[in-house]
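Note sheet for the following structure.
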Amino acid sequence: MRFRLWGTAMLALVLLFTAQVAPRMRVETSIFALLPQDRRDVAAEQALDAYTDRLSRNSLFLVGAADFATARTAAGAFADALRNSGQFAQVRLELDRSLVEAARADLPYRGYLLSSRHREWLAQNQQQRLHDEALRALYTPAGFLRPFNATEDPLGLLSAFVTGQRPPTGRARLQQDVLAVAAGGRSYVLVTAQTGASAFSVAAEEAAGQAIAAARAAATAAGAAEIDGSGVIQHAAAAVASSKQEMSLFSGISLAGTALLMLLAFRSPRPLLLTALAMTLGGMAGLCACRWVFGQVHLVTLVFGSSLIGTSVDYAIYFFADRFRDPSGWRAEQAPGFVASGIALGYFTTALSYLALLLAPFPGLRQIALFSAVGLGVACGCVLFLLPRLAAAWPLPPDAAVLRLVRRLEHLPRIGSPPLQVALALIGAAFVAGGLWRLGFVDDVRALQNSPPELLRQEARVREVLGQAPDRRFLLIRGDSEEQVLQREEALRARLAPLLADGRLGNLLLVSDAVPSLRTQAADHALLAQKVYAAEGLLPAFLRELGYGDAAVAAQIQAFQAATPLRPQTFFAGAAADPYRPLWLGRVGDGYAGAASLFDLRDPDALARAADGLPGVRLIDKIADISEVLYRYRRIAMLLTAAVYVVIGLLLAWRYGLAGGIVTCLPPVGGGLLALAVLAWAGVPLSLFHMLALLLVMGMGSDYTIFLREARGPEGPVLLAVVLATLTAVLSFGLLAFSSTPFIHAIGQVQALGIGFAVLLALALRPKRGTDGTKPAALT
Amino acid sequence: MSRCRLLLGLLLLCGAVRAEPEAVFAHPLAPAQMSALLGTAARPLAAATGLRGRFEQRKYLPELPRPLLSTGEFLFARDVGVWWHTRTPFDSVFILTRDGARSRDEGGGETRIAAAEQPGVAVAARIFFALFALDFEALANDFETYGVPTGGGWQVGLRPKQAAMAAVFREAVIDGAQHAQRIELQDTHGDRTEILLPEVDVLGGALTPADRQRFD
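Protein sequences, first through last, are from chains A and Z. 1 is the number of the first residue of the first sequence in my numbering; add one for each residue after it. 1001 is the number of the first residue of the second sequence in my numbering; add one for each residue after it.
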């Protein structure tokens, strides 16, 4: 009955997985997606997400060669390769005519746009300075530098407004039709690329990474000596590539190792196949649950979970090891009578520690917890309900090597003599205490996010060559309307003016630099009407001084009067808005938002002070915020770990009595503490992820001590199961310790060490058994 | 009929006025052939460290009946930049170097534009330097080059290669013999500037300290 029910459920699971989940699987790769969100300000988070999402689409490349011509040719080959790959929505190398014309698109709005310098002059009635500047432009080469000529913009008002905007291309200059920069005896040409809206799947990131690699090869073939890139997509592509490699390597080795161990131990393919069945069904269930609850699966969940599902092997091994209890008459249907309570209790404690992780508001960990709890639960169900019917006894000659091993294991020493127990306990306690005393912590998220050194070098090189470093911090400006956002940006620029003036802040990019608020535009228009375009104003006088007739004067005044203010919608419809587009977040929540990007920020504290108190303005430092969150949750995780240990301890005490509970608890607790102490003595600073791994040590470590306690019948088969399970677990977690992703690495370290110690303790402290003649033995 | 003839006459007259520049643009000339066109006349310029002389600049604006005339003196130092001293109608010094541009008035007021802040300045500086040095290899990066011999000298035409530059700047015509004598710049939106360099000395040795100071 149970077999039929469970079998039907599993069939449904397979159908659901193949039809619904697998085809639409979306895998997230950013570490930020794993981390807790700041839920105090939802709209701010949305704006933040929108901004970082846009920024992360942008890539910038410098193609360098000994001379400009070669660099230009190589950059052409690079850009063509990127374009032809189809992975990028936009690839820009040449600045075409439309772009220059777009920069002149402000002409119809000239009656409303003023540079801050000219605004100041006019407000202070210093029309003479404007007059002199305009004359200088007409009579000296200074005029050649203006984007608008004398007929279009006699006083140079609009030219000053346009040239006052400083898009962030750093030291790069227009050379022929591209942006180029010279540094260290080389010439570099700038190529920018943007991925499309749907670029955040693993496949797309991988394809983009391959496209970039192909473009690099093409540029190198065309003579490029150096190609430096910066942008999130490259990091994502590298992360995907390395995780994928690790995932296939680690799971390959751990699967091969597990299969080999099982074949060696059981001498029959059937246990192996049935174990694989339980693992596969467990994995499918875990993925379905993640898809259902979170909508997507994180790459780390896959890496971590694929190893964790390996623990489901433990239940199957425990089940099959029961075969050796009765070499001649074993039947699979009887096995649950001997192993079910151990498996159920083992799963129960493991699931308990995962459920504790579910409580932590940490999306990534909740995913891992859900994936593991569901996956292990299903695998456990398969062992308990499917295996008794599907498994069958395989021939086992009485002199089989395994049987000899099982009998030998029954003589495995335990620490029975109290003086030795006390001595070892004291040594262990001293070691742990010394370790805990030395314990150091790390919460900086940058220590947990790793990128290949080569990519970091390239990013540093891009900053160096361009001579401009975008800061990781930025300002978020929110308001009830677009107009309010722009007004608040203007207030912000006024506050930051002193920092810009003395170099504490290198550059600041704001949408309101290009589209002032309507309030400012109206004020500027009024100022111009009064001081410049009035009958007695500067412009008529200036034009007459040059020799223009009345008709020309009238035409200028008419053009001024016909001008309309520049509105954000109009501005963002044109190509001139391109540098500002990522900054304009538009509608967010029930308001609007814009971002200000900061360059060469040399005094972050002064910036924070200056921006403080401005309504709607918030300084965002995601790295610091996340590090703060990591610190908070590391402390929570420590408490959580302690709480889980206590709960599991109480559970075991309820079943085995106080003394039995303590003895059963000691292996996982001691294993965890010893693992921490080893890391501390080795000088490894602990992060949140080490703490969370401790929880998992508790879950798995308690399995083994429970198996040993719950075993009915002779001890040998259980010991074999525990040894095999430990070998497979240490194999898979030990491999995680070699991961290049710091937090997987951290989890692997604690798990491998903790489980190793826990098993040694469990074996040494296993209860004495009288029924099968095993003698209590001293440690030899 | 008479109206037709008048129109025709006007057209011819326009044609006559524009004949020179139009003519040069019918003769594309690769930069490699430029030295043949410039002949022996411009050869000393290759070894020169600079030029010094007087200038007359006339700016022709549509709708303005007479051009805006300015005169003064200039110094071009190959490794340093251009010093442009306008004396009439007012006193003003304009200095263009690779690092940027600045201008100084008689009143002492100074305006600076760092090349780092205005990409246009660097472009202008590059073209200016190449024009004075008659470095057509450099100019050919940014311009299509044209050239014809004239009586005793040469005429060279430049048109921007890149659409980006063509959007603001249409063409330049340079007349000269030993060095550039007349430069005419035509922008895309109708303004035209003519610069005459009637008296020019080719400088051979290093800059005098006084000259060097002009750029400080």
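Every residue gets a Cβ at the ideal spot worked out from N, C-alpha and C, and that includes glycine. Every value quoted in this text rests on a predicted model; they were computed, and no experiment measured them.
Enumerated in chain order, which unbroken segments of the alpha helix (DSSP H) with a length of 4 residues or greater are wholly contained in the stretch 200–251 of chain A?
-> 202–221
Check distances from the C-beta atoms of the stretch 1182–1199 of chain Z to those of chain A and list, in chain order, the residues that come in under 7 Å.
-> Listed in chain order, the positions of the stretch 1182–1199 of chain Z with a beta carbon within less than 7 Å of a beta carbon of chain A are Asp1187, His1189, Gly1190, Asp1191.
Should Ile227 of chain A go down as buried or exposed, given a rule of 16 or more other Cβ atoms within 10 Å for buried?
-> Buried.
Within-7 Å CB hit, Gln176 of chain A to chain Z | True, the Cβ-Cβ gap to chain Z drops below 7 Å.
Looking at Arg83 of chain A and Gln296 of chain A, is the spacing between their C-beta atoms short of 7 Å?
-> no
Nearest-angstrom beta carbon gap, Val718 of chain A and Leu727 of chain A [assumed within contact, 8 Å] | With a Cβ gap of about 15 Å, Leu727 of chain A and Val718 of chain A do not count as contacting.
Residue burial classification, Val189 of chain A (beta-carbon count within 10 angstroms, cutoff 16) = Val189 of chain A counts as buried, since no fewer than 16 other beta carbons sit within 10 angstroms of its beta carbon.
Residues that Glu1063 of chain Z contacts on chain A, provided the C-beta gap is smaller than 9 Å = Thr151, Tyr548, Gly549, Ala551, Ala552, Ala555
Any C-beta of chain A sitting closer than 7 Å to the C-beta of Arg1170 of chain Z?
-> no
Does Phe1055 of chain Z come within less than 7 Å of chain A when only Cβ atoms are used?
-> no
Measure the alpha-carbon distance for Phe474 of chain A versus Leu518 of chain A and round it to whole angstroms.
-> 24 Å
Met1034 of chain Z burial status per 10 Å Cβ neighbour count (16 or more: buried) | buried
Just the C-alpha distance for Val678 of chain A and Asp326 of chain A, rounded to the nearest angstrom, thanks.
-> Between Val678 of chain A and Asp326 of chain A, the alpha-carbon positions lie close to 41 Å from each other.
What three-state label does DSSP hand Met10 of chain A in the structure shown?
-> helix
Answer yes or no: does any C-beta atom of chain A fall closer than 7 Å to that of Ser1218 of chain Z?
-> There is simply no residue 1218 of chain Z to check, as chain Z begins at 1001 and stops at 1216 in what is shown.
Excluding five sequence neighbours on each side, which residues of the same chain lie with their C-beta closer than 7 Å to the C-beta of Ile755 of chain A?
-> Gly671, Val697, Met700, Gly701, Thr726, Ala729, Val730, Phe733
List, in order along the chain, the chain A residues whose C-beta lies closer than 7 Å to that of Ser1092 of chain Z?
-> What Ser1092 of chain Z touches in chain A: Arg136, Thr140.
Terminal residues of the continuous beta strand (DSSP E) containing Gln194 of chain A?
-> 186–195
Measure how close the beta-carbons of Ala643 of chain A and Ala356 of chain A come, nearest whole angstrom, since I'm counting them as under 8 Å.
-> 7 Å
Is Val442 of chain A helix, strand or coil by DSSP?
-> Look at Val442 of chain A here: in three-state DSSP terms it is coil, with no helix or strand label.
Thr18 of chain A in three-state terms, based on DSSP = helix
Check whether the Cβ of Asp1142 of chain Z lies closer than 7 Å to any Cβ atom in chain A.
-> yes
Hey, how far is the Cα of Gly185 of chain A from the Cα of Ala66 of chain A?
-> 7 Å
Could you please give the first and the last residue of the uninterrupted alpha helix (DSSP H) stretch that includes Lys1161 of chain Z?
-> Careful: Lys1161 of chain Z lies outside any alpha helix (DSSP H) and carries neither H nor E.
What does a CB cutoff of less than 7 Å around Ala831 of chain A pick up in its chain, not counting 5 residues either side in sequence?
-> The structure shown does not extend to residue 831 of chain A, since chain A is modelled only from 1 to 780, so the question has no answer here.
When DSSP labels each residue in this structure, what does Leu763 of chain A get in the three-state scheme?
-> In the three-state reduction of the DSSP assignment, Leu763 of chain A falls in the helix class.
Which runs of the alpha helix (DSSP H) spanning at least 4 residues fall entirely within the stretch 504–551 of chain A, listed in chain order?
-> If we require 4 residues or more, the alpha helix (DSSP H) runs fully inside the stretch 504–551 of chain A come out as 511–514, 518–531, 538–546.
Look at the alpha carbon of Thr570 of chain A and the alpha carbon of Thr564 of chain A, and state the distance between them as a whole number of angstroms.
-> 11 Å
Answer yes if the stretch 507–517 of chain A comes into contact with the stretch 527–538 of chain A, meaning at least three C-beta pairs across the two stretches below 8 Å, and no otherwise.
-> no
If you check the beta carbons only, do Val374 of chain A and Gly467 of chain A fall under 7 Å apart?
-> No; because the gap between Cβ atoms is not below 7 Å, this pair is not in contact.
From the beta carbon of Arg1066 of chain Z, is the nearest beta carbon of chain A less than 7 Å away?
-> yes
Beta-carbon proximity list for Ala680 of chain A, same chain, < 6 Å, skipping 5 on both sides = Gly435, Arg438, Leu439
Three-state class that DSSP yields for Gly64 of chain A in the structure shown = If DSSP states are grouped into helix, strand and coil, Gly64 of chain A belongs with the strands.
Presumed contact (8 Å Cβ cut-off) between Phe250 of chain A and Leu736 of chain A, rounded CB distance | 7 Å
Consider the Cβ of Thr1208 of chain Z: report whether some Cβ of chain A lies at a distance smaller than 7 Å.
-> no
According to DSSP, which residues form a beta bridge with Trp292 of chain A?
-> Answer is none; Trp292 of chain A lacks a bridge partner.
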